[in-house]
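Residue numbers (the UniProt record's numbering): 1 to 556.
This is the structure we're talking about:
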């Protein structure tokens, strides 16, 4: 593995021969100043001259980089700041520069103790999502089995779409347990004469693969695999361990010069996405020891894959205006609503939203809220901003409403809105903040997970765990579409959260996730209307005095 640290001149890496980016990014890719890691492909290992009798093709590799430079005036050269070998056990001094060249000689570090390697290949790693590419049959071509395993206790994928990049002109001939979105063999222009291209499933360099629906689970031709055919749903292990895994098989056709049975190369640049799910960042495939499977005959034996690679994907925190869901805040002590952030899930307009949106506007899509918002502003004598507030553009929005606050506890009402056209089965969400005070959820199944950073885990009750998609109104010609909705009141106690101040913002979540995706939260909370509280207090005092007078001096 090679680590290249570039100067702060905003270079853009366009291509690299015999190497790939370790972080899984595609080229062109910005390299930045934090270092760029390259690993060998297809030659992943460099052997010694003793092992190869001085064969230069096995003991050396040349990586040719090309890119675009910014901020360097001619005749300057886009040289990196440093270059080193990132593999464990090597020590690299500062590089030597000469004109437009630089070189460094790395030696083994005598202070590094060699680890006892018990496996021939890389040890398997942990991550939020683990993918395994196992070659289980080999002939001129090969059959591979792909396993997707959800390893995050609260992660999730719905209607997953997996894509990778073939690096050596391979293509997909047939599949079981999954399918490609495009069935087209027009790109198979390099196939040999024996290939029946009319039967090829997909010849794209970057195919998009999806799970089969449940009604194909027992199909002898394209289904009938364990853990397949769930419409792309991967649940967290905390909900259902058996539904946290998905499997499909792909028959891969190879082309010259890779027709040798031992010429096995996995696809690169893996990416997986879902609908309103966390964003996953996938690394490069690493060769690991062969995966073992239970013997299909039912005997107490195991069969091993011919070759196995592992791809590790981890959840990344969404950037600003790149979320897939958002949260609005409201409370009993303020008649206004703090709406979802403007462009919380992305849009062209970047202006701030008006926080004084009427509560009833949460029940209609954001493109239909303009008239209500303007009317509300005129009634309350608020200034109407120019331009008007833009929408959040989120498929899922959640309203958190503080219902009550008393000495020993408080309650909140949470409402889920599904603006997407897809349905969410076995949905769940989680929240953080005042979680230790969680006591009960009335219409949801709620659990306090103290081992997971005091997180409250909420999901639908049996028979009520289906969040339907957006539907047409009573009169589709004039009525806006109606979102799918779920609602519940949640009760909290103050016995374990002494000093909590609900009105000051402690009654709202610090983080909220829907199906594992972190939702965008408003930047401030509803404020108590001081004048209104003062007036109410005066009225209460007057009522007490009147009551006392009536009791002391009853009417005759």
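A virtual CB, placed ideally from N, CA and C, is assigned to each residue, including glycine.
Measuring CB to CB, does residue 511 end up less than 9 angstroms from residue 517? no
Would residue 233 pass as a contact of residue 218 if the rule is Cβ separation under 9 angstroms? no
Beta-carbon within less than 6 angstroms of residue 170's beta-carbon, same chain only, minus the 5 sequence neighbours each way: which residues are those? 252 and 254
By a C-beta neighbour count over all protein chains shown, 10 Å radius and 16 as the cutoff for buried, is residue 455 buried or exposed? buried
Have a look at residue 558 and residue 97 and give me their C-alpha separation to the nearest angstrom. The structure shown does not extend to residue 558, since the chain spans only 1 to 556, so no value can be given for it.
Have a look at residue 533 and residue 151 and give me their C-alpha separation to the nearest angstrom. In this prediction, residue 533 scores a pLDDT of 41, lower than 50, which makes its location untrustworthy; the coordinate-derived value is nonetheless stated afterwards. Approximately 50 angstroms between the Cα atoms of the pair.
According to DSSP, is residue 166 part of a helix, a strand, or is it coil? coil
Run through DSSP, which three-state label would residue 181 get? coil
Buried or exposed, going by whether 16 or more other CB atoms sit within 10 Å of the CB of residue 420? buried
Check whether the region 485-503 touches the region 304-322, taking contact to mean three or more Cβ pairs, one atom from each stretch, closer than 8 angstroms. no
Around the Cβ of residue 407, are there at least 16 other Cβ atoms within 10 angstroms (buried) or fewer (exposed)? exposed
Rounded distance between the beta-carbons of residue 427 and residue 560, thought under 8 angstroms: The structure shown does not extend to residue 560, since the chain is modelled only from 1 through 556, so no value can be given for it.
Out of 489, 84, 458 and 26, point me to the one whose CA is closest to residue 401's CA. 489
Are there three or more Cβ pairs, one per stretch, closer than 8 angstroms when the region 445-455 is compared with the region 308-320? no
If you measure between the beta carbons of residue 75 and residue 69, is that distance less than 9 angstroms? no
For residue 422, the nearest candidate out of 346, 226 and 274 (CA to CA): 274
I'd like to know whether the C-beta atoms of residue 95 and residue 338 end up nearer to each other than 9 angstroms. no
Bridge partners of residue 26, per DSSP? Bridge partners of residue 26: none, in fact.
Collapsed DSSP secondary structure at residue 49 in the structure displayed: helix
Sequence-distant residues of the same chain with beta carbon closer than 6 angstroms to residue 394, five excluded per side: 325, 326, 344 and 345
So, with DSSP's three-state summary, where would you put residue 376? helix
The beta strand (DSSP E) spanning residue 209 covers which residue range? 208-211
Report yes if the C-beta distance between residue 316 and residue 20 is below 9 angstroms; otherwise report no. no
To the nearest angstrom, how far is the alpha carbon of residue 146 from that of residue 465? 29 angstroms
State yes or no: is the C-beta of residue 202 within less than 9 angstroms of the C-beta of residue 183? yes
At which residue ranges does the region 398-453 contain complete beta strand (DSSP E) runs of 3 or more residues, listed in the order of the chain? 409-418, 428-432, 438-441 and 444-449
Relative to the alpha-carbon of residue 314, which residue among 379, 347 and 277 has its alpha-carbon at the smallest distance? 277
Hey, residue 106 and residue 85 are a contact pair by Cβ (cut 8 angstroms); roughly how many whole angstroms apart? 5 angstroms
From 188, 221 and 167, pick the residue whose C-alpha is nearest to that of residue 178; which is it? 221
Assign residue 500 to one of three DSSP states: helix, strand, or coil. coil
Going by the CB atoms, is the gap between residue 157 and residue 272 shorter than 9 angstroms? yes
My parser needs the beta strand (DSSP E) runs of 3 or more residues fully inside the region 202-268; what are they? 208-211 and 245-253
Look at residue 167 and residue 267 and say whether their C-beta atoms are less than 9 angstroms apart. yes
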